[in-house]
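A short worksheet on the structure shown next.
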Amino acid sequence: MTDVFKGRLAILGMGYIGLPTAVAIATRGIDVIGVDVNPAAVAAVRRGEVPFVEPDLAVGVSGAVAMGRLTATTETPEADAFIIAVPTPFNEDRTADLSYVKAAAEQIAPMLRSGNIVVLESTSPPGTTQKVCDWIGALRPDLKMPRDGETGADIYVAHCPERVLPGRIMIEIITNDRVVGGLTPRCAEKAASIYRLFAQGEILLTDAASAEMAKLVENAYRDVNLAFANEISLISESLHIDVWEVIRLANRHPRVNILNPGPGVGGHCIPVDPWFIVSAAPQLSRLIRTAREVNDHRPHHVAAQVVEKAKRFRSPTVACLGLTFKANVDDVRESPAIEVVGLIAKALPEVDIFVSDPYVSVMPRQLSEYGNLRLEGAHQAVERADIVVLLVEHEPFKAMRHTRLGGKVIYDTRGAWH
Ligand SMILES: NC(=O)c1ccc[n+]([C@@H]2O[C@H](COP(=O)([O-])OP(=O)(O)OC[C@H]3O[C@@H](n4cnc5c(N)ncnc54)[C@H](O)[C@@H]3O)[C@@H](O)[C@H]2O)c1
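By my numbering, the letter at position 374 of the sequence shown is numbered 375, and the numbering carries on one by one without gaps.
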């Protein structure tokens, strides 16, 4: 059976995931209501605007709003299907903070009618989709919740994790394969009917816990591979061997593909999600935990290297290029570049540090306490600096003329000027 969803759909969370998903569905002729607890996000969507930078999204939002297919509100409405795309950060002890997901489930519960579909898209530890069902069930004893091996449920609950790459979300949301895990096979089938509206990739049906775990494993896989690259960088540096040359040569092996090292691992997925696996099976996740620790140590190593280089000067000036967590996006969440800049500013309180990022116009809150930091245009920052630290390979930085960098001490943590 290959049903395609018809009806009204509400998406809770108008962020990097919820808003592109809303556009993808609204442009297939479905009425989509975007729900967000943040009135500024709702106001932006109502104006047809995007409150963050993501290529091709702005035109999609303004088009969907102008067509009347996409609306936004702070109040969860009645609908035929609900998608939850709210944050899942971690707590101080690195267990998942499911408070946003629980709040979303509790907002949906009073609005549910028999036949409705609820899909959790937020990245979640195994068992969370079942919890969503239980939270709803506790508030709606009148509805028959889906249970494995039983038929005749009133609502359908599933998990459909998101694996898009920021900067390419509008392409990947359409082209990526999707994993849809239901609490029952019927739940998976019902949830898949939503993704058939717009997904060109294959839709793979499974159970909810496997879908939850598959998403976490994808990011842990990336994290472990990045840790390997970062460790090779550390070792090569200590042996005075050029890591970029080593990786270039090793990658000519037909079955080797080492990733690029960097100043750390950022974004709010890869540094967070592996901890959900570690907290689910702490005794068994030794490699995944170590990879996290290796990657978390990177900003400290990079900052220490800059402090060492600064010792060569009587009164040095430092330029740090890049603050976002990766190139060509404005997302600063869990950015290792910010951590590096903070560590340098703290270690060198007497040193003027110019910070530049084409996507960041206000000094991030984590850095506001340092009086020796100043946001500058890239060219001015480089011109004034003795030491130039490349932290994010934004295109304008990559394109920077080598003549501008002449006579400076360069620390290229991304290999972009190699
Ligand atoms: N950003 C990514 O690239 C990416 C990729 C894959 C998976 N994910 C996962 O998707 C989920 C959402 O991430 P995001 O990047 O879109 O987050 P985001 O912070 O950009 O957006 C989340 C939005 O949810 C809103 N919100 C919070 N509680 C709410 C509630 N109870 N009701 C309605 N709205 C609420 C917030 O105000 C915010 O606007 C997370 O679990 C994340 O791990 C994100």
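Note that beta-carbon positions come from the ideal geometry of N, C-alpha and C, so glycine has one too.
Residue i vs residue j beta-carbon contact at 8 Å
i	j	result
P275	P300	no
V1	I84	An answer regarding residue 1 cannot be provided, because it is not within the stretch 2 to 419 covered by the chain.
P359	H403	no
T75	I34	no
I170	Q201	no
L205	R29	no
I118	A82	yes
G268	K327	yes
I345	Q367	no
S336	L324	yes
N231	P262	yes
V165	L227	no
R334	I271	no
A11	P111	no
T96	S125	no
Span of the beta strand (DSSP E), counted from its first residue to its last, around residue i
i	result
A82	82–85
R179	179–183
C321	318–322
L376	374–376
T3	Where T3 is concerned, there is no enclosing beta strand (DSSP E), given that its DSSP letter is neither H nor E.
L121	118–121
L13	9–13
S357	353–357
H160	157–160
I31	Per DSSP, I31 belongs to no beta strand (DSSP E) and is neither H nor E.
Y412	410–413
I388	388–391
Top-ranked residue by Cα proximity to residue i, from the options
i	options	result
M214	R253, H241, I278	I278
N373	L140, E309, V319, K7	V319
A44	Q367, D4, V66	V66
V307	G30, V390, G19, L206	V390
V46	F326, A23, I31	A23
A311	P40, P127, I354	I354
P147	N231, G116, E122, E173	G116
I233	D149, N296, Q284	N296
N149	T207, S369, N39	Per the sequence shown, residue 149 should be read as Asp rather than Asn. For the residues T207, S369, N39, the minimum Cα distance to D149 belongs to T207.
L235	G16, R334, V303, Y196	V303
V60	F398, A27, P142, V341	A27
T3	Y371, E203, V54	E203
L20	G343, V5, V36	V36
E173	C134, S125, A41, D57	D57
G416	R48, E246, L144, S211	E246
Q108	T152, G128, V38	V38
A400	H419, S286, T152	H419
Same chain, Cβ closer than 7 Å to residue i, five either side skipped, listed in chain order
i	result
A209	T130, Q131, A159, H160, G182, G183, L184
V257	A251
Closer than 7 Å: residue i CB and nearest ligand 3 heavy atom
i	result
S123	With respect to ligand 3, the structure shown offers nothing to examine, as its ligands consist of ligand 1.
Residues near residue i by beta carbon distance below 8 Å, same chain, minus five either side
i	result
F314	D387, I388
F53	G16, Y17, D331, D332
V342	C321, L324, I354, V356, L368, L374, L392
A144	Here the sequence assigns Leu to residue 144, which means Ala is not the residue at that position. Hits under 8 Å: L113, S115, I137, G138, D155, I156.
Cβ shell of residue i (< 6 Å), same chain only, five flanking positions each side left out
i	result
A105	L13, I85, V87
L217	D274, F277, I278
P167	V330, D332
M364	L376
R405	V383
G8	D81
Residue range of the alpha helix (DSSP H) that includes residue i
i	result
H241	It is not in any alpha helix (DSSP H) - H241 carries neither H nor E in the DSSP assignment.
T130	129–140
G19	19–27
L431	Any property of residue 431 remains undetermined from this structure, which presents the chain solely from 2 to 419.
D297	287–311
A73	A73 -> not in any alpha helix (DSSP H); beta strand (DSSP E) instead, spanning 71–74.
T176	170–176
D274	274–281
L205	Where L205 is concerned, there is no enclosing alpha helix (DSSP H), although the beta strand (DSSP E) it sits in stretches over 204–208.
Across the stretch 186–205 and the stretch 153–172, are there enough close Cβ pairs to call them in contact, namely three or more that are closer than 8 Å? The stretch 186–205 makes contact with the stretch 153–172, as at least three CB pairs between them are under 8 Å.
Count the CB pairs spanning the stretch 174–181 and the stretch 90–105 that are closer than 8 Å, and state whether there are at least three. The stretch 174–181 vs the stretch 90–105: no contact.
Can we say the stretch 134–147 touches the stretch 282–295, given the rule of at least three CB pairs closer than 8 Å? No, the stretch 134–147 does not touch the stretch 282–295.
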